[in-house]
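Numbering (the working numbering), first residue to last: 21 to 318.
Since the structure comes first, as structure tokens, the remarks are kept for the end.
What follows is the structure in structure tokens.
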């Protein structure tokens with residue numbers, strides 16, 4: 021049985037309390053055997069609501085890769101960094117072929133959508149995973165902000181409607197990035213859950229990873245282009261990551277939260293807000309994101 025199936029089977033048959041105990045026991049064993057465990061060579065870092073769950077599903081099915089043992093991401097390089105490297109190592113497989121995997125499946129990965137936005141994640145990854153590559157997915161920041169708001173409402177983390185949440189963002193998140201950077205162990209609920217506009221300023225976030233890891237280890241995908249032709253785009257990413265070429269039988273949009281589109285006036289206001297960030301991103305990447313192409317919103 022594959023790791024994914026084991027995790028799902030456990031989750032389906034144990035109570036929440038029993039699941040927490042099982043996870044704690046697995047992590048205790050993981051920490052005790054950290055020297056024998058794999059270290060991730062690929063980290064999917066976000067952006068939130070841009071197809072990261074779909075990317076995780078594709079990578080976990082790849083014959084060269086073995087997924088983390090407990091969940092798709094650890095949060096270690098953002099909120100959980102204080103738990104230490106032994107705790108982090110405990111999330112990954114042992115250095116032996118996983119059940120159902122060939123001898124070539126010698127790499128592992130994780131996916132944590134807050135890494136891109138957290139001010140310390142880039143330098144932490146550079147220091148602790150010096151050879152890892154990161155994968156970034158971006159999409160129209162207007163659509164991303166709306167999707168993120170819908171997501172946070174569904175999770176019970178947001179009680180304001182979209183317009184009020186956007187209006188409140190600058191007050192809610194004021195000074196939070198600075199505190200995260202300069203106060204060890206600090207966690208910010210607002211920075212993580214209420215930065216609908218902030219998370220859409222992709223250029224600054226991508227540049228932070230360029231500076232820390234080098235551009236050759238930062239792979240940015242346009243999510244709309246990806247979902248328009250996922251098999252071809254995934255093959256291109258595999259080539260860039262040094263993976264064996266493998267074509268998935270199908271690609272689903274996992275964890276999507278479809279909803280009604282914004283009216284034209286609200287969309288225009290938000291697009292104007294993101295315009296300088298989008299222009300900076302295009303300059304940084306050397307290609308034009310799909311949402312900035314002629315006719316993208318016609």
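All C-beta atoms, glycine included, are put in the ideal place defined by N, C-alpha and C.
Everything numeric in this text was worked out from a predicted model, so none of it was measured.
Residue i classed as buried or exposed, judged by whether at least 16 other C-beta atoms fall within 10 angstroms
i	result
residue 137	buried
residue 161	buried
residue 204	exposed
residue 334	Past the edges of the chain, shown from 21 to 318, lies residue 334, and the structure says nothing about it.
residue 69	buried
residue 95	buried
residue 179	exposed
residue 109	buried
residue 201	exposed
residue 279	exposed
residue 93	buried
residue 195	exposed
Residue from the options with nearest C-alpha to residue i
i	options	result
residue 284	109, 163, 126 and 84	163
residue 235	107, 153 and 141	153
residue 71	155, 150, 109 and 84	155
residue 259	59, 84, 300 and 172	84
residue 56	313, 103 and 111	111
residue 250	268, 145, 193 and 105	268
residue 188	255, 196, 215 and 206	215
residue 166	304, 263, 287 and 243	287
residue 240	177, 206, 270 and 305	305
residue 158	172, 242, 263 and 302	242
residue 151	257, 201, 108 and 238	238
residue 247	134, 270, 107 and 261	270
residue 303	147, 177 and 227	227
Span separating the alpha-carbon of residue i from that of residue j
i	j	result
residue 290	residue 253	28 Å
residue 245	residue 310	7 Å
residue 295	residue 140	26 Å
residue 80	residue 61	13 Å
residue 186	residue 209	16 Å
residue 265	residue 212	35 Å
residue 113	residue 63	15 Å
residue 49	residue 142	In this prediction, residue 49 has a pLDDT of 49, which is less than 50 and means its spatial position is unreliable; what the coordinates show is noted afterwards. For residue 49 and residue 142, the distance between alpha carbons rounds to 28 Å.
residue 182	residue 168	10 Å
residue 104	residue 229	22 Å
residue 130	residue 89	10 Å
residue 126	residue 184	48 Å
residue 67	residue 58	25 Å
residue 292	residue 219	16 Å
residue 86	residue 263	13 Å
residue 282	residue 170	12 Å
residue 144	residue 231	12 Å
residue 199	residue 193	10 Å
residue 313	residue 217	21 Å
residue 82	residue 128	10 Å
residue 172	residue 206	21 Å
residue 30	residue 308	With a pLDDT of 45 at residue 30, under the threshold of 50, the modelled position of that residue is not reliable, and no figure is offered here.
residue 175	residue 233	33 Å
residue 115	residue 256	27 Å
residue 148	residue 134	17 Å
residue 91	residue 272	19 Å
Start-to-end residues for the beta strand (DSSP E) that takes in residue i
i	result
residue 127	127-131
residue 157	153-158
residue 66	62-66
Unbroken alpha helix (DSSP H) run spanning residue i, endpoints
i	result
residue 284	284-305
residue 180	From DSSP, residue 180 is part of no alpha helix (DSSP H); its letter is neither H nor E.
residue 230	222-233
residue 271	Neither: residue 271 is in no alpha helix (DSSP H) and is coded neither H nor E.
residue 213	209-213
residue 241	Per DSSP, residue 241 belongs to no alpha helix (DSSP H); it is in the beta strand (DSSP E), 238-242.
residue 167	161-174
residue 250	250-261
residue 108	105-109
residue 76	72-81
residue 148	141-148
residue 200	196-202
Meets three-Cβ-pair contact criterion under 8 Å: the segment 64-80 and the segment 98-106 = Too few Cβ pairs lie closer than 8 Å, so no.
Are the segment 215-230 and the segment 298-312 touching, with three or more C-beta to C-beta distances below 8 Å?
-> yes
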